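Colleague: Numbering (UniProt numbering), first residue to last: 1 to 186.
The following block contains the structure, expressed as structure tokens.
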């Protein structure tokens, strides 16, 4: 394995903690949005048969979003879960902006979030998602997450600007010309 350059900030513990934090915030947001909306708008009989609005399957089983669960079909439930997914993806832009902070890492973390969800969903449902609707919703949410978070990160970096301490020369500071052009060759 190649050794990273000395200036890189390679910290595996930080990366793993950021991935775990993003997954946790994503599923926490979904678990706060899905049950109340399903309880208000979805068919109560169909929900009761599947374990209620707060069932883990409402988030982890891709068939629920695709509106073809194993037993009863409820298109309202699928649309509500899709709406919650898109809303959660929009909130994920804020999480990415504040946790990751670097525009060049946003795509990596968003795709990691999507890949981890795909693995967990496949494991939970014992089947790879085959619904075009599921892929479109998850893809659109991820695309919005990437574009929005990168915009917010770049905007924050532009607003903060480059903070450089300019001195008058000597031991404590650096001449402005040296900082811009390099060392003087007098």
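All residues carry an ideal CB built from backbone N, CA and C; glycine is no exception.
The model shown is predicted, which means the values in this text are computed figures rather than measured ones.
I'd like to check one pair, residue 61 with residue 124: are the Cβ atoms closer than 8 Å?
Modeller: Counting from one through the chain shown, the residue named residue 124 turns up at place 124. Counting from one through the chain shown, the residue named residue 61 turns up at place 61. Their beta carbons are under 8 Å apart, which means residue 124 touches residue 61 by this criterion.
Colleague: Would you report the Cα separation of residue 105 and residue 32, rounded to the nearest angstrom?
Modeller: For the purposes of this step, residue 105 is taken as residue 105 along the chain shown, with counting starting at 1. For the purposes of this step, residue 32 is taken as residue 32 along the chain shown, with counting starting at 1. Using only the alpha carbons, I get a separation of about 27 Å.
Colleague: Specify, as a first and last residue, the run of the alpha helix (DSSP H) that residue 149 falls within.
Modeller: Counting from 1 along the chain shown, the entry for residue 149 is found at position 149. First-last of the alpha helix (DSSP H) with residue 149: 132-160.
Colleague: Taking only three categories from DSSP, how would you classify residue 10?
Modeller: Residue numbering aside, residue 10 sits at position 10 when the chain shown is read from its first letter. Residue 10 falls in the coil class under three-state DSSP.
Colleague: Between the Cα of residue 95 and those of 14, 23, 11, 15, spot the shortest distance and give me the residue it belongs to.
Modeller: The sequence position of residue 95 within the chain shown is 95, counting from 1. Ranking 14, 23, 11, 15 by Cα distance to residue 95 puts 23 first.
Colleague: What are the boundary residues of the alpha helix (DSSP H) that includes residue 63?
Modeller: Reading the chain shown from its first residue, position 63 is the one you call residue 63. Segment 62-65, the alpha helix (DSSP H) holding residue 63.
Colleague: With residue 30 and residue 84 assumed to form a contact (beta carbons below 8 Å), what rounded beta-carbon distance in angstroms separates them?
Modeller: Numbered from 1 along the chain shown, position 30 holds the residue referred to as residue 30. Numbered from 1 along the chain shown, position 84 holds the residue referred to as residue 84. Contact holds; Cβ gap of about 6 Å.
Colleague: Determine the DSSP secondary structure at residue 92, reduced to helix, strand or coil.
Modeller: If you number the chain shown from 1, residue 92 lands on position 92. Helix.
Colleague: Using a Cβ-Cβ cut-off of 7 Å (strictly less than) and excluding sequence neighbours within five positions of residue 100, which residues of its own chain qualify?
Modeller: Sequence index remark: in the chain shown, residue 100 carries index 100 (1-based). The answer, listed in chain order, is 18, 106, 109.
Colleague: Tell me the rounded alpha-carbon separation between residue 65 and residue 21.
Modeller: As a working mapping, residue 65 is identified with position 65 in the chain shown. As a working mapping, residue 21 is identified with position 21 in the chain shown. Each residue's Cα considered, the two are about 24 Å apart.
Colleague: Put residue 19 into one of helix, strand or coil per three-state DSSP.
Modeller: Your numbering for residue 19 matches position 19 in the chain shown. Of the three classes helix, strand and coil, the one that applies to residue 19 here is helix, per DSSP.
Colleague: Can you look up residue 126 in the DSSP assignment and give me helix, strand or coil?
Modeller: Sequence index remark: in the chain shown, residue 126 carries index 126 (1-based). DSSP places residue 126 in coil when its eight states are reduced to three.
Colleague: Have a look at 98, 103, 142 and flag the residue whose alpha-carbon is nearest the alpha-carbon of residue 118.
Modeller: Reading the chain shown from its first residue, position 118 is the one you call residue 118. Nearest option by C-alpha distance: 142.
Colleague: Under 8 Å, do residue 133 and residue 76 count as touching if we go by C-beta distance?
Modeller: Here the question's residue 133 lines up with position 133 in the chain shown. Here the question's residue 76 lines up with position 76 in the chain shown. Cβ distance not < 8 Å, so residue 133 and residue 76 don't count as in contact.
Colleague: Less than 8 Å between the C-beta atoms of residue 90 and residue 148, yes or no?
Modeller: For this step, residue 90 is matched to residue 90 along the chain shown. For this step, residue 148 is matched to residue 148 along the chain shown. In this structure, residue 148 lies closer than 8 Å to residue 90 by Cβ.
Colleague: Apart from the five residues just before and just after residue 137, which ones in its own chain have a Cβ nearer than 6 Å to its Cβ?
Modeller: Translated into the one-based positions of the chain shown, residue 137 becomes position 137. Excluding residues within five positions, the ones whose Cβ falls inside 6 Å are 82, 85.
Colleague: Count the other CB atoms, across all protein chains shown, that sit within 10 Å of the CB of residue 158; report buried if there are 16 or more and exposed otherwise.
Modeller: Counted from its first residue, the chain shown places residue 158 at position 158. So residue 158 counts as exposed.
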